[in-house]
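Quick notes on the structure that follows.
In our numbering, the protein residues as written are 12 to 144.
Have a look at this one:
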């Protein structure tokens, strides 16, 4: 089994995806000085992290260009589709990730015998994940 990650015509495969966690960020509000009233406001679920792990990609893959732009300060978020593929290559489950952008990339050792670049982990930030199927 593997995960296929795609966006705007680009595609890549990873063996592991982690971090589809969601959590609220509570904020305590103190209305006025000396007030005994306190309220808790739950903010929208934003800026969560997830991790794409273990892949080999060609050296000219669009993820590298996208990451270079983000690391240079030109943050462009994208909607990603992540599919869990079965042994036959058919999608078993899929998710849509909104507002995604890479925040870190850990590459593997360079190997002269391999035509691609090993990727150990890509850390992504997002603004929401929904399960499609």
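C-beta: ideal position from N, C-alpha, C; glycine also.
According to DSSP, simplified to helix, strand and coil, what is residue i?
i, result
"residue 86", "coil"
"residue 49", "Because the pLDDT at residue 49 is just 49, under 50, the model does not fix this residue reliably, and the value given afterwards should be weighed accordingly. Three-state result, residue 49: coil."
"residue 78", "helix"
"residue 38", "Note that residue 38 has pLDDT 48, beneath the 50 cutoff, so the model's placement of it is unreliable and the number below is only indicative. Of the three classes helix, strand and coil, the one that applies to residue 38 here is strand, per DSSP."
With a cut-off of 8 Å on the beta carbons, I'd call residue i and residue j a contact; round off their distance for me.
i, j, result
"residue 108", "residue 72", "With 8 Å as the limit, residue 108 and residue 72 do not qualify as a contact, their Cβ atoms being about 18 Å apart."
Could you tell me the alpha carbon to alpha carbon distance between residue i and residue j, rounded to whole angstroms?
i, j, result
"residue 18", "residue 91", "5 Å"
"residue 22", "residue 14", "10 Å"
"residue 120", "residue 131", "9 Å"
"residue 59", "residue 28", "14 Å"
"residue 69", "residue 100", "21 Å"
"residue 87", "residue 76", "11 Å"
Give me the DSSP bridge partner(s) of residue i.
i, result
"residue 141", "107"
"residue 27", "64"
"residue 117", "132"
"residue 17", "22, 92"
Practice task
Count the CB pairs spanning the region 115-133 and the region 93-101 that are closer than 8 Å, and state whether there are at least three.
Solution key: The way I'd put it, the region 115-133 doesn't touch the region 93-101; fewer than three beta-carbon pairs between them come closer than 8 Å.
Exercise for the section: Please confirm if the region 110-123 is in contact with the region 79-86, defined as three or more CB-CB distances below 8 Å between the two stretches. Expected result: Contact between the region 110-123 and the region 79-86 is present, because at least three Cβ pairs lie under 8 Å.
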